[in-house]
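Start counting the sequence shown at -15; every next residue gets the next number (the numbering used here).
Cβ coordinates follow ideal geometry from the N, Cα and C atoms, glycine included.
This one's a predicted model, so the numbers in the text were calculated from it and none came from an experiment.
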Amino acid sequence: MNRFAGGMALLLCWALGGTAVADAVSRGAYLVRAAGCIACHTDAKGGGPVLAGGRALKTPFGIFYSPNITPHPKMGIGSWSDGNFLAALGHGIRPDGSNYFPVFPYPSYAAMRAEDALAIKAYLFAQAPVARQNKAHDVAPPFSWRWTVRFWKWLFFRPGPWRDQAHQDARWNRGGYLVHAVAHCGECHTPRNFLGAMKSSRFLAGTRDGPEGGIVANITPDPKTGIGGWSTADIVQVMRDGTKPDYDNVQGSMAEAIRDGLAYLTDDDLNAIAHYLRTVPAIENSLQRQPK
């Protein structure tokens, strides 16, 4: 190969590589919205920078503070490798080898495909690093002991990517992937046991002990206490702008999830989520008010 041809080959490789990175960042921007990263990792009430952490997450075990996920090399995740990022989302493992507390929704993110997780990383690493120190959790022992999480994982954590169902169509599979993995709907809409694990038998059935002690709706198609009376268009409308079929609007953490995340999803993805939700088992929740 002569010098000219070699130079052109290098230029082509550079151009293609740059395009691939740009595509990953663009896709990651979309997935960051779908995954709810902005609402959880931004201290909006305290006027904190986007994705720089410090958001207080009140739980029955104490107050956890979300970490800085900007690419700052010391105060954020700027020193993380791809392997570190995949271990965090897929297995709840910190770069130092210790466990994350499951208030970080890795039990759901574990079902995310590796290429989507790495696209999220590409987007995060394309943002400006923010020098904001992480806040220590306000959690008392034994719930503040990270080594205890290994037993929690043994009891309740089953990692592994979402697998499409061959007997279902593409829309159902896309909706299932978003609900279970990326958007992690079950983390808020499913009641938990006394150790904080989701009750799989009550998946998406709503709870009175949601984030920060709020009531979270039953989003199974139960006709009395869930969304069985809602059409696909009704469900999409709620996710698009928070407007319910009775023209009231959602409040609290769901309003945040819509404003900072779901509102940015494509119509195809919102319809896929709605389609999937209408197929999950209907569960009556006698303690739950029916969404109107």
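A residue is called buried once 16 or more other Cβ atoms fall within 10 Å of its Cβ, and S50 is buried on that count. Burial of T54 is indicated by the presence of at least 16 other C-beta atoms within 10 angstroms of its C-beta. For T43, the enclosing beta strand (DSSP E) begins and ends at 40 to 43. Shown here for V9: same chain residues with a beta carbon closer than 6 Å to its own, the five before and five after excluded, namely A106, Y107, A110 in chain order. With fewer than 16 other CB atoms across the displayed protein chains lying within 10 angstroms of its CB, Y231 is exposed. Counting only residues of its own chain and dropping the five nearest sequence neighbours on each side, G170 has a CB closer than 8 Å to the CB of S92, V163, H164, M182, F187, L188. By the CB criterion at 8 Å, G212 and D218 fall outside the cutoff. Here the alpha carbon of V16 sits roughly 19 Å from the alpha carbon of P86.
A straight line joining the alpha-carbon of R116 with that of T227 spans about 35 Å. If the five residues before and after I47 are omitted, its C-beta is found closer than 8 Å to the C-beta atoms of A40, L41, H121, D122, V123, all from its own chain and listed in chain order. Under the criterion of beta carbons closer than 8 Å, D100 and V166 qualify as touching, at roughly 7 Å.
Setting aside the 5 residues that flank it on each side, R176 is surrounded in the same chain by M182, K183, T191, D193, each with a C-beta closer than 8 Å to its C-beta; the list follows chain order. Y260 places its beta carbon less than 8 Å from that of G160.
The alpha-carbon separation between A150 and A95 amounts to approximately 17 Å. Under the DSSP assignment, I242 falls outside any beta strand (DSSP E), being part of the alpha helix (DSSP H) whose first and last residues are 236 to 244. A Cβ-Cβ separation of about 27 Å leaves N83 out of contact with V34 under the 8 Å criterion.
Taking 8 Å as the cut-off, the beta carbon of A4 is found no closer than this to the beta carbon of R155. Under the DSSP assignment, I47 falls in the beta strand (DSSP E) whose first and last residues are 46 to 49. In summary, E196 is exposed, with fewer than 16 beta-carbon neighbours lying within 10 Å of its beta-carbon over all protein chains present. Of the residues W214, W64, P89, the one whose Cα lies closest to the Cα of G76 is P89.
In the displayed model, G12 falls within a helix according to three-state DSSP. Under DSSP, T227 shares a beta bridge with N233. For A103, the closest alpha carbon among the candidates P125, L249, W136, F69 is that of F69. Within a 10 Å sphere around the beta-carbon of G81 sit fewer than 16 other beta-carbons, which makes this residue exposed. In the three-state scheme derived from DSSP, where H, G and I count as helix and E and B as strand, G37 is classed as strand.
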